[in-house]
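Numbering (UniProt numbering), first residue to last: 1 to 116.
Where a beta carbon is used, it is the ideal one built from N, C-alpha and C, also for glycine.
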């Protein structure tokens with residue numbers, strides 16, 4: 001049961017970060033176009049709010065079951081992993097060398113925080 005709660009905490013953090021980053025990228029892409037529509041801010045606000053709820057839930061559950069430093073490392077690793085992937089999928093831009101190195105270290109750091 002303890003392992004399941006740890007997995008739920010990590011999944012909530014990853015999903016919360018992914019939803020928040022997705023909302024930020026979609027909003028920035030819309031406003032990057034000429035005459036960005038303000039009406040799309042409400043759905044993105046709701047999406048980022050739901051992502052924030054998942055992040056708070058993941059942090060709280062993770063703090064109860066894990067060390068807070070592990071949770072922080074997982075959150076930072078999630079940002080380093082999810083943001084380049086979503087940027088590639090949404091904007092179709094190839095990541096730079098620095099982004100790829102950050103992605104690699106983010107993945108290694110996240111795995112180290114979880115398993116070590």
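Alpha-carbon spacing of residue i relative to residue j, whole angstroms
i           : j           : result
residue 45  : residue 23  : 8 Å
residue 85  : residue 74  : 16 Å
residue 77  : residue 112 : 10 Å
residue 40  : residue 2   : 40 Å
residue 43  : residue 100 : 31 Å
residue 49  : residue 98  : 30 Å
residue 114 : residue 106 : 12 Å
residue 104 : residue 96  : 13 Å
CB-CB length for residue i against residue j, believed under 8 Å
i          : j           : result
residue 51 : residue 20  : 4 Å
residue 80 : residue 102 : 5 Å
residue 71 : residue 62  : 4 Å
residue 82 : residue 31  : The Cβ separation is near 21 Å, so there is no contact.
Nonlocal neighbours in the same chain, by C-beta distance under 7 Å from residue i, ignoring five residues either side
i          : result
residue 93 : 87
residue 69 : none
Spatial neighbours of residue i in its chain, beta-carbon cut-off 6 Å, leaving aside the 5 residues before and after
i          : result
residue 90 : 25
### Query
Looking at C-beta atoms only, is the number of pairs between the stretch 53-61 and the stretch 1-17 that lie closer than 8 Å three or more?
yes
### Continuous alpha helix (DSSP H) assignments of at least 4 residues falling wholly in the stretch 20-90
41-65
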